[in-house]
Amino acid sequence: MRWLRRSGVVAAGVAAMLFGVNTAAHAAPPANVGWLYTQGRSGAVFFDADLAGYPSFEKITVCDNKSDGRGILAELTQSLPDLDYLYLSLRDPSNNGDCVAQWDNYFADGYPVYVRVCEYWGTNEDNCARAEGVA
């Protein structure tokens with residue numbers, strides 16, 4: 067009988083340890099992307115994974131740096147283990163001296179966020195770059 071109780075305690079301990087390891091493997095500290103430039107550096111996006119003073123908030127800033135008739139498009143995506151797919155798109159349509167920014171709690175904390183920045187005109191895109199951060 068003692069053996070049965072001990073094996074139950076050991077099994078529970080092993081299950082808790084495995085669950086803890088599995089959870090920890092998914093949770094990662096926030097990681098900014100920093101300035102990610104298009105090829106040719108005509109524009110950029112900044113992904114701030116943990117906005118100062120607002121835990122769990124992400125800030126995305128998109129800047130068109132060149133007057134060339136093209137805008138800058140940033141796309142951010144996150145796929146979660148339970149098959150949720152999150153998507154955010156932000157555009158700066160012109161080099162007018164201002165960037166476009168948004169911030170909110172968009173993404174699940176501790177999971178990768180995939181960032182893509184491109185030049186766009188009409189429905190065309192070119193000179194894209196990609197990076198990965200963590201929300």
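Numbered per this note's numbering, the sequence shown spans residues 67 to 201. All C-beta atoms, glycine included, are put in the ideal place defined by N, C-alpha and C.
Annotation note: the segment 126 to 185 contains the following uninterrupted beta strand (DSSP E) runs of length 3 or greater, listed N- to C-terminal: 137 to 145, 151 to 158, 166 to 170.
Bridge pairing for R196: R182 [DSSP]. When DSSP states are grouped into helix, strand and coil, F112 belongs to the strand group. Non-local C-beta neighbours of N98 in its own chain, meaning closer than 7 Å and more than five positions away in sequence, comprise F113, D114, A115, G199, ordered along the chain. Here G119 is exposed, its C-beta having fewer than 16 other C-beta atoms within 10 Å. Sequence-distant Cβ neighbours of A167 in its own chain, meaning closer than 6 Å and more than five residues away, are T127.
Setting aside the 5 residues that flank it on each side, P121 has no residue in the same chain whose C-beta is closer than 8 Å to its C-beta. For the pair L156 and A140, the CB atoms are nearer than the 8 Å cut-off. CA-CA distance, L152 to W169, rounds to 15 Å.
Annotated as distal: Y180 and A201, with beta-carbon spacing of 8 Å or more. Collapsing the DSSP output to three states places A97 in a strand. When DSSP states are grouped into helix, strand and coil, L102 belongs to the strand group.
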